[in-house]
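Asker: This structure is in structure tokens; I'll ask about it shortly.
Protein chains in written order, with my numbering: chain A, 34 to 144; chain B, 12 to 122.
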């Protein structure tokens, strides 16, 4: 079974601080994704990657950066966190079949 | 941009009765349709994927796709209290691996 892990699982940050959310997958999938989930909006795509060294903007990239240093790891970076970025963040990995395997989520609170 | 809408927002069924959930999408060029389940505070579990008109069964879960009507549905046979969760419909952006999610239907199965 696909294995996608996220860290931390819970994070409290201060406004203006830097936050890094990490994702690791052991499936050897080329594609990786970062979503946020908010009540009333469902899951929305922030950034995605087709392989090591590549990042692409999703539907709501403003205020976020992404980094894919290796096949296994994909990070989401909030350089200057704001309260509007309080959300649950999900990472997923996927292959050419378009199947996506999701991690357990990270709950981020920005005070 | 693909738009995905789910109905109803919430649904309560008795244990053993059929549960039917609906999803409409705006772009008929999509070719990848998925239903996920999300228990409270958990990640997403893929239930069934369907790529062509007709139906696809995975255990107690059956998806029906009618692309001409821009409609995909999920039917849950003999639902149990453990099926109480939010059900998410996801449709790919035509020609790409990007998934667009609906806001979900909250299903409650009463015993």
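We treat Cβ as the ideally placed atom computed from N, Cα and C, and that holds for glycine. Predicted model, so just to flag it, every value in this text is computed and none were measured.
Kindly give me the distance between the Cβ atoms of residue 38 of chain A and residue 57 of chain A, rounded to whole angstroms, as I take these residues to be in contact under 8 Å.
Answerer: To locate residue 38 of chain A, count along the first chain from 1; it is residue 5. To locate residue 57 of chain A, count along the first chain from 1; it is residue 24. Their Cβ separation, rounded to whole angstroms, is 5 Å, which keeps residue 38 of chain A and residue 57 of chain A in contact under 8 Å.
Asker: Taking buried to mean at least 16 other C-beta atoms within 10 Å of its own C-beta, is residue 109 of chain B buried or exposed?
Answerer: Stepping through the second chain from its first residue, residue 109 of chain B is reached at position 98. Buried, by the Cβ-count rule.
Asker: Please confirm whether residue 64 of chain A has its beta-carbon closer than 8 Å to some beta-carbon of chain B.
Answerer: Position 31 of the first chain, counted from the first residue, corresponds to residue 64 of chain A. Cβ-Cβ to chain B under 8 Å: yes for residue 64 of chain A.
Asker: Are any of the Cβ atoms in chain B nearer than 8 Å to that of residue 141 of chain A?
Answerer: Indexing the first chain from 1 puts residue 141 of chain A at position 108. False, the Cβ-Cβ gap to chain B never drops below 8 Å.
Asker: Classify residue 129 of chain A: buried if its beta carbon has 16 or more other beta carbons within 10 angstroms, exposed otherwise.
Answerer: As a position in the first chain, residue 129 of chain A is number 96, starting the count at 1. So residue 129 of chain A ends up on the exposed side.
Asker: Identify every residue that forms a DSSP beta bridge with residue 30 of chain B.
Answerer: Here residue 30 of chain B refers to the residue found at position 19 of the second chain. The partner list for residue 30 of chain B (beta bridge, DSSP) reads B/87.
Asker: What's the gap between the Cα of residue 102 of chain A and the Cα of residue 90 of chain A?
Answerer: Indexing the first chain from 1 puts residue 102 of chain A at position 69. Indexing the first chain from 1 puts residue 90 of chain A at position 57. Rounded to the nearest angstrom, the two C-alpha atoms are 16 Å apart.
Asker: Can you name, in chain order, every residue of its own chain whose Cβ lies under 8 Å from the Cβ of residue 21 of chain B, other than the five neighbours on each side?
Answerer: Counted from its first residue, the second chain places residue 21 of chain B at position 10. Excluding residues within five positions, the ones whose Cβ falls inside 8 Å are 116, 117, 118 and 119.
Asker: To the nearest angstrom, report how far apart residue 116 of chain A and residue 49 of chain A are at their CA atoms.
Answerer: Translated into the one-based positions of the first chain, residue 116 of chain A becomes position 83. Translated into the one-based positions of the first chain, residue 49 of chain A becomes position 16. Whole-angstrom Cα-Cα distance: 9 Å.
Asker: Should residue 37 of chain B go down as buried or exposed, given a rule of 16 or more other Cβ atoms within 10 Å for buried?
Answerer: Stepping through the second chain from its first residue, residue 37 of chain B is reached at position 26. The residue in question, residue 37 of chain B, is exposed, as its Cβ has fewer than 16 Cβ neighbours within 10 Å.
Asker: Are the Cβ atoms of residue 139 of chain A and residue 121 of chain A separated by less than 8 Å?
Answerer: Sequence index remark: in the first chain, residue 139 of chain A carries index 106 (1-based). Sequence index remark: in the first chain, residue 121 of chain A carries index 88 (1-based). In contact: residue 139 of chain A and residue 121 of chain A (Cβ atoms closer than 8 Å).
Asker: Give the C-beta separation of residue 109 of chain A and residue 99 of chain A to the nearest angstrom, bearing in mind that I take them to be a contact with Cβ-Cβ under 8 Å.
Answerer: Position 76 of the first chain holds residue 109 of chain A. Position 66 of the first chain holds residue 99 of chain A. Correct: roughly 6 Å between the Cβ atoms.
Asker: Against chain A, which members of the segment 104–115 of chain B pass a CB distance test of less than 7 Å?
Answerer: Of all residues in the segment 104–115 of chain B, 108, 109, 110, 112, 113, 114 and 115 have a Cβ within less than 7 Å of some Cβ in chain A.
Asker: Counting only C-beta atoms, is residue 133 of chain A closer than 8 Å to chain B at any point?
Answerer: Position 100 of the first chain, counting from 1, holds the residue named residue 133 of chain A. With 8 Å as the cut-off, residue 133 of chain A counts as an interface residue toward chain B.
Asker: From what residue to what residue does the beta strand (DSSP E) around residue 94 of chain B run?
Answerer: Within the second chain, the letter at position 83 stands for residue 94 of chain B. Where residue 94 of chain B is concerned, there is no enclosing beta strand (DSSP E), given that its DSSP letter is neither H nor E.
Asker: Are at least three pairs of beta-carbons, each pair with one atom in the segment 27–42 of chain B and one in the segment 77–88 of chain B, less than 8 Å apart?
Answerer: Result yes; three or more Cβ-Cβ pairs closer than 8 Å.
Asker: If you count every other CB in all the chains shown that lies within 10 Å of the CB of residue 85 of chain B, and 16 or more means buried, which is it?
Answerer: By 1-based counting over the second chain, the position of residue 85 of chain B is 74. It counts as buried.
Asker: Beta carbons nearer than 7 Å to chain B: which residues of the segment 94–124 of chain A have them?
Answerer: Residues 123.
Asker: Is the Cβ of residue 54 of chain B closer than 8 Å to any Cβ of chain A?
Answerer: If you number the second chain from 1, residue 54 of chain B lands on position 43. It does: the Cβ of residue 54 of chain B has a partner Cβ on chain A nearer than 8 Å.
Asker: What are the partner residues of residue 75 of chain A, as DSSP defines its beta bridges?
Answerer: Within the first chain, numbered from 1, the residue matching residue 75 of chain A stands at position 42. A/71.
Asker: Mind checking which residues open and close the beta strand (DSSP E) that includes residue 40 of chain B?
Answerer: The sequence position of residue 40 of chain B within the second chain is 29, counting from 1. From DSSP, residue 40 of chain B is part of no beta strand (DSSP E); its letter is neither H nor E.
Asker: Please determine, among A/93, A/83 and A/107, the residue with the shortest C-alpha to C-alpha distance to residue 75 of chain A.
Answerer: Here residue 75 of chain A refers to the residue found at position 42 when the first chain is read from its first residue. Minimum Cα distance to residue 75 of chain A is reached at A/93.
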